[in-house]
Amino acid sequence: MTRVVVKLGSSVVADSDGALRLEVLGRVCDQLAAVHREGGEVIVVTSGAIARGMRVMQLPQRPTSIGALQAASAVGQGKLYRVYDELLRERKVTSAQVLLTFFDMSARTHYLNARQTLSTLLEWRVLPVINENDTTATDEISFGDNDFLAAQVAVLTAADQLILLTDIDGLYSADPRLYPDARMIGEVSDFTSLEGLEIGHTTSPLGSGGMRSKVVAAEMATAAGITTVICNGLRADALAAVLAGEEGARASPPAGTYFRAQEARYSSFKLWLKYAKPSRGTLVIDAGAVRAVRDGSASLLPVGVVDVVGDFDAGDAVEIAELPEDERARGRILAKGICNYSAAELRQVVGLKSDAVRGILPRATEEAVHRDYLVLD
Numbered sequence: 002m003t004r005v006v007v008k009l010g011s012s013v014v015a016d017s018d019g020a021l022r023l024e025v026l027g028r029v030c031d032q033l034a035a036v037h038r039e040g041g042e043v044i045v046v047t048s049g050a051i052a053r054g055m056r057v058m059q060l061p062q063r064p065t066s067i068g069a070l071q072a073a074s075a076v077g078q079g080k081l082y083r084v085y086d087e088l089l090r091e092r093k094v095t096s097a098q099v100l101l102t103f104f105d106m107s108a109r110t111h112y113l114n115a116r117q118t119l120s121t122l123l124e125w126r127v128l129p130v131i132n133e134n135d136t137t138a139t140d141e142i143s144f145g146d147n148d149f150l151a152a153q154v155a156v157l158t159a160a161d162q163l164i165l166l167t168d169i170d171g172l173y174s175a176d177p178r179l180y181p182d183a184r185m186i187g188e189v190s191d192f193t194s195l196e197g198l199e200i201g202h203t204t205s206p207l208g209s210g211g212m213r214s215k216v217v218a219a220e221m222a223t224a225a226g227i228t229t230v231i232c233n234g235l236r237a238d239a240l241a242a243v244l245a246g247e248e249g250a251r252a253s254p255p256a257g258t259y260f261r262a263q264e265a266r267y268s269s270f271k272l273w274l275k276y277a278k279p280s281r282g283t284l285v286i287d288a289g290a291v292r293a294v295r296d297g298s299a300s301l302l303p304v305g306v307v308d309v310v311g312d313f314d315a316g317d318a319v320e321i322a323e324l325p326e327d328e329r330a331r332g333r334i335l336a337k338g339i340c341n342y343s344a345a346e347l348r349q350v351v352g353l354k355s356d357a358v359r360g361i362l363p364r365a366t367e368e369a370v371h372r373d374y375l376v377l378d
C-alpha cells in the first residue's frame with residue numbers, strides 16, 4: 002500500500018485572476034481517486050484559500066497586511082474545501098478538512114495529536130484535505146505557500162512520497178521565466194550539488210512560496226526517507242506519470258524533478274526538532290565542546306559553553322554555534338537541541354564544571370543539552 006502526500010500550489014489551484022482552475026482540480030481528483038480505489042492512501046495539502054477569498058471579495062491584488070490576508074483566507078477557506086469535497090464525493094471518495102498552524106507543528110504534543118488524527122482518518126479510508134489555518138496564524142503565511150507544511154505532513158504520517166505540484170516542470174538551473182537557456186534538473190541525490198544554482202523566491206501573483214521553499218521541503222522530506230517530486234500540476238500527464246512510479250522518472254523528458262530519499266534517516270523526533278521546533282537562542286561553545294558534540298556524539302555540558310545569546314526558557318530549542326575566530330563574526334551553526342536550562346540559569350554557570358554548577362544550581366541537570374535531544378546541522 003502506498004501513502005502519498007500531494008501538495009497543490011496557489012498557481013495550480015487558481016489562475017492569475019484568482020478564478021479556480023476547476024478543470025485542473027477535477028483532473029487531479031480523478032488521479033487521486035484512482036490511487037484511493039487501488040488501496041493507496043492519499044493526503045492533499047492545498048494552497049489557494051487566500052486566492053479564493055480575493056476572488057470572492059473582488060480584491061485587485063494580493064493583500065500585504067496580515068489582517069487582510071487572514072480575512073481573505075477566512076472568506077476563501079470553506080469555499081475552497083467545498084470544491085474539493087464535491088469533486089471527491091463525485092468520485093466516491095470521502096474527504097475531511099484539516100486546518101493546521103505552525104504552532105501545531107512546533108509544539109510536540111500538538112504535533113503528535115495531529116499525527117493521530119491523520120492516522121485515524123486514513124484508517125477510515127478518508128482523504129484529508131489540509132491547509133494552513135491562516136485566520137489564526139501569527140506569522141504571515143508561515144509555511145511558505147504550504148511547502149513546509151506539506152513536508153511536515155509527509156514526515157509525521159511516514160508517507161512514501163511527497164509530490165509538490167507547481168506551474169513549472171521542475172527545478173531548473175535558473176529561473177526559466179528569466180533565463181531561457183536554463184536547463185531542467187531531472188534528479189537530485191545530493192543537495193550539495195545545488196549550491197551553485199540560482200534557486201530563487203519568485204512566485205505567482207497569488208502565491209507566497211517559490212522554488213527555494215520547495216527545495217527546502219524536499220530536503221526535509223528526503224531526510225526522512227521520503228522520495229519527493231516537484232512537477233507541473235498544469236500538465237495533464239505530469240501527476241499521472243509521477244504516480245506511476247519509476248516510469249515517470251525514466252521518461253524523456255522526466256515528469257518532474259525527483260529528489261531521492263536519503264540513506265541516513267533521522268528519527269521523527271529529531272526531524273521535528275531540526276525543522277519544526279523554532280530556536281529561541283544560541284549557545285556558543287569552545288573547540289573542545291565542538292569536537293565532543295560533532296565527533297563524539299556527546300552531550301553538551303555547561304563547561305563547554307562560552308556565551309549565551311537570547312532569552313529562552315528550559316525546554317526551548319537553541320542553536321549551538323562554534324566560537325568564531327573574529328569577535329565581530331557569528332560562529333558557524335553546528336547543531337540544534339533542547340536546552341535543559343533557561344538563558345538566565347545558564348549564564349550563571351557558563352564555563353563551569355559539573356561540581357561547580359551544582360554548587361550554584363543544586364537541582365540542575367548535568368547536561369546543558371543532552372545528546373538524545375540534539376541534532377547536528
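Numbers 2 to 378, taken from my numbering, label the letters of the sequence shown in order. Note that CB positions come from ideal geometry on N, CA and C, so glycine has one too.
Can you name the start and end residues of the beta strand (DSSP E) that Tyr259 belongs to?
257-260
In angstroms, rounded to a whole number, what distance separates the CA positions of Cys340 and Arg372?
11 Å
Could you tell me the alpha carbon to alpha carbon distance between Leu70 and Arg63, rounded to whole angstroms?
8 Å
Reduced DSSP secondary structure (H/G/I, E/B, other) of Ala115:
helix
Buried versus exposed, by CB contacts within 10 Å (16 or more), Arg1
Outside the displayed span of the chain (2 to 378) sits residue 1, for which this structure offers no information.
Top-ranked residue by Cα proximity to Leu377, from Glu326, Val319, Arg364
Val319
Whole-Å CB distance - Val76 paired with Val57, under 8 Å assumed:
5 Å
Own chain partners of Leu272 with C-beta closer than 6 Å, once the 5 adjacent residues on each side are dropped
Val156, Ala225
N- and C-terminal bounds of the alpha helix (DSSP H) containing Asp31
23-38
Taking 8 Å as the threshold (C-beta atoms), are Ala344 and Asp296 in contact?
no
Within 10 angstroms of the Cβ of Ser209, are there 16 or more other Cβ atoms? Answer buried if so, exposed if not.
Annotation note: pLDDT 44 at Ser209 (below 50); position unreliable, no value reported.
Take Ile186 and list the residues in its own chain whose beta-carbon comes closer than 6 Å to its own, dropping the five residues that flank it on each side.
Leu172, Thr258
Pick helix, strand or coil for Ile334, following the three-state DSSP scheme.
Here Ile334 sits in strand by DSSP.
For Ala245, does the count of other Cβ atoms within 10 angstroms reach 16, so buried, or fall short, so exposed?
exposed
What does DSSP give as the partner residues of Met185 in its beta bridges?
Tyr173
Give every residue of the same chain whose Cβ lies closer than 7 Å to the Cβ of Arg333, excluding the five residues on either side of it in the sequence, and list them in chain order.
Ala322, Glu323, listed in sequence order.
Where the alpha helix (DSSP H) through Leu274 begins and ends
Premise fails: Leu274 is in no alpha helix (DSSP H) and is neither H nor E.
Check whether the Cβ atoms of Val370 and Ser300 lie closer than 8 Å to each other.
yes
Please return the same chain residues whose Cβ sits closer than 7 Å to the Cβ of Tyr342, not counting the five positions on each side in sequence.
Ala315, Ala365, Ala369
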